[in-house]
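Note that the sequence shown covers residues 3 to 197 in the numbering used here.
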Amino acid sequence: MQTWFPEAYQEFRVLSIFELLKEYIEAGRIRIDRSKHVQLTTVHDPCNYVRKSHMFFGDHHGESSRWIVSQCCENMVEMCDSPLNNLCCGAGGGVWAMSYKKERLGHGKFKADQINKSGAELVIAPCHNCRDQIMKSLAKEFDMGNYKETKYIWELVAESLVTQPWSEERIQKTHAERDAQFERFAIDLEKERWG
Numbered sequence: 003m004q005t006w007f008p009e010a011y012q013e014f015r016v017l018s019i020f021e022l023l024k025e026y027i028e029a030g031r032i033r034i035d036r037s038k039h040v041q042l043t044t045v046h047d048p049c050n051y052v053r054k055s056h057m058f059f060g061d062h063h064g065e066s067s068r069w070i071v072s073q074c075c076e077n078m079v080e081m082c083d084s085p086l087n088n089l090c091c092g093a094g095g096g097v098w099a100m101s102y103k104k105e106r107l108g109h110g111k112f113k114a115d116q117i118n119k120s121g122a123e124l125v126i127a128p129c130h131n132c133r134d135q136i137m138k139s140l141a142k143e144f145d146m147g148n149y150k151e152t153k154y155i156w157e158l159v160a161e162s163l164v165t166q167p168w169s170e171e172r173i174q175k176t177h178a179e180r181d182a183q184f185e186r187f188a189i190d191l192e193k194e195r196w197g
């Protein structure tokens with residue numbers, strides 16, 4: 003974004019999901035309970051978020067995704083020595099949605115073997131194409147050992163959240179703020195709901 007639309011950065015703060023989640027966790031804005039995910043977990047590095055980002059921008063999200071996962075999971079294992087060397091799932095560039103099943107599975111076999119060798123039960127795949135390929139295709143076609151499921155990184159964080167119920171005072175204050183905003187913008191919920 004900064005390369006192609008630098009003017010946007012003068013007016014807006016633009017972050018990736020990795021940067022936002024890391025910032026929120028580090029600042030204590032959200033609290034995480036690692037004990038909610040005790041199974042052996044690994045991270046799949048999508049081509050666009052890691053290798054392509056590294057090629058075009060000199061940086062990638064491999065380390066930040068691992069940091070986030072390490073905050074949410076007690077047991078993490080790497081599939082390889084570096085995020086840049088993690089294998090492609092075979093469904094990148096939208097191949098998942100196209101009619102290249104033979105090619106997709108041919109490339110995906112390498113990823114299935116890599117997951118199998120890791121021993122992981124849970125794979126974190128930040129990309130929707132990668133998630134679908136691993137979960138809906140590779141898991142059905144190949145032996146992936148202990149593998150049980152694939153999740154998005156935001157899904158992992160959401161499941162790891164520590165939530166506390168609001169006090170009655172906070173609920174009343176929030177309702178008062180909501181009502182004032184509705185009045186300011188002339189919002190009638192009954193009208194909005196039923197026309």
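Beta carbons are placed, not taken as given, at the ideal position from N, Cα and C, and that holds for glycine.
Check: Beta-carbon proximity list for C82, same chain, < 6 Å, skipping 5 on both sides; Outcome: N88
Check: Sequence-distant residues of the same chain with beta carbon closer than 8 Å to S50, five excluded per side; Outcome: Note on residue identity: the sequence assigns Asn, not Ser, to residue 50. Within the same chain, N50 has close Cβ partners G94 and C129.
Check: Contacts around S120, its chain only, beta-carbon distance under 7 Å, and the 5 residues preceding and following it disregarded; Outcome: T44, V79 and M81
Check: Inside the segment 41-112 only - beta strand (DSSP E) runs reaching at least 3 residues; Outcome: 42-45
Check: L22 versus V159, Q183, F59 and M100, residue with shortest Cα-Cα distance; Outcome: V159
Check: Boundaries (first-last residue) of the beta strand (DSSP E) holding T152; Outcome: E151 to K153
Check: Residues that DSSP places opposite V125 in a beta bridge; Outcome: T44 and T152
Check: Length of the line joining the Cα atoms of R53 and H62; Outcome: 7 Å
Check: Secondary structure of L163, DSSP reduced to three states; Outcome: strand
Check: Meets three-Cβ-pair contact criterion under 8 Å: the segment 18-32 and the segment 141-156; Outcome: yes
Check: Assigned secondary structure, I32 (DSSP; H/G/I helix, E/B strand, else coil); Outcome: coil
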